[in-house]
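Residues 3 to 203 (our numbering) are what the sequence shown spells out, left to right.
Ideal placement from N, C-alpha and C gives every residue a C-beta, glycine not left out.
Written out below as structure tokens is the structure these notes cover.
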Amino acid sequence: MNDKEIKERLALISALTEDVQEGLEDMIVPFLLYGITIPIGTFISYFLAKSGFSLFIPLLWLFIMTACQLFLALFMKRKQKIKIKRVTDRILAALWGSIGAGLILGMILGILGKLDFNTNFFNIGLCLAIGHAATAAMVQKKLRLFLCIEALCWAGCGVVCLFAAQYTAPLIIGVATFILLGLPAAVAIVIGKRKKTVKAK
Numbered sequence: 003m004n005d006k007e008i009k010e011r012l013a014l015i016s017a018l019t020e021d022v023q024e025g026l027e028d029m030i031v032p033f034l035l036y037g038i039t040i041p042i043g044t045f046i047s048y049f050l051a052k053s054g055f056s057l058f059i060p061l062l063w064l065f066i067m068t069a070c071q072l073f074l075a076l077f078m079k080r081k082q083k084i085k086i087k088r089v090t091d092r093i094l095a096a097l098w099g100s101i102g103a104g105l106i107l108g109m110i111l112g113i114l115g116k117l118d119f120n121t122n123f124f125n126i127g128l129c130l131a132i133g134h135a136a137t138a139a140m141v142q143k144k145l146r147l148f149l150c151i152e153a154l155c156w157a158g159c160g161v162v163c164l165f166a167a168q169y170t171a172p173l174i175i176g177v178a179t180f181i182l183l184g185l186p187a188a189v190a191i192v193i194g195k196r197k198k199t200v201k202a203k
């Protein structure tokens, strides 16, 4: 391989890395949405369970997930009208779509009693850890480190859920979702707005 080919490949890798990071910016709103709604849904579920309305918990989550998906579908449709499509959009969509499918399958198996309660929440932690680790492999050093730390945190939460008291596992995942998805997404939005303000000046 000559110097020209090496430079071309490095330039391609650099371009794809930047492409992925721009694609992640479009995922900030979904992360923020889930980072807020899942903890709220978790606390409402605890309230329903303590009030003797446990039968309504699956309906609550069906409503939450359906509402989130409808909102995101409309949001992404609007975004696609104003953004340039990137090569890596399909990669990220396939990756996180597969993660989402794994989470939904786990929830369905849990509701049907085919998957142990704590194992279901271990599956959530593991799936999100894999998603963050896979995404980390496609971005630049600083963001890669952050995503790797998040992946380790999610894996740790999953393992803790496996050995936690039965009805503690949802609380662990709910709090982790707020801290690991909601807060970083909110910070990213604030930083993005500040950058736009500085550029405008």
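Reduced DSSP category for residue i - H, G, I as helix; E, B as strand; rest coil
i	result
Ser53	coil
Val161	helix
Leu173	helix
Gly115	coil
Gln71	helix
Gln168	helix
Ala153	helix
Buried or exposed (CB count within 10 angstroms, at least 16 for buried), residue i
i	result
Thr44	buried
Leu114	exposed
Ile40	buried
Thr68	exposed
Gly54	exposed
Phe124	buried
Ile33	One point to set straight first is that residue 33 is Phe, not Ile, in the sequence displayed. So Phe33 ends up on the buried side.
Ala167	exposed
C-alpha gap between residue i and residue j, whole angstroms
i	j	result
Ala188	Tyr169	28 Å
Trp63	Leu74	16 Å
Ile151	Leu57	37 Å
Lys116	Leu164	16 Å
Tyr36	Ser47	16 Å
Leu205	Val162	Missing from the structure shown is residue 205; the chain here goes from 3 to 203 and no further.
C-beta atoms of residue i and residue j nearer than 7 Å
i	j	result
Asn122	Gly108	yes
> Is the region 94-105 touching the region 127-147, taking contact as three or more C-beta pairs under 8 Å?
Replying inline: yes
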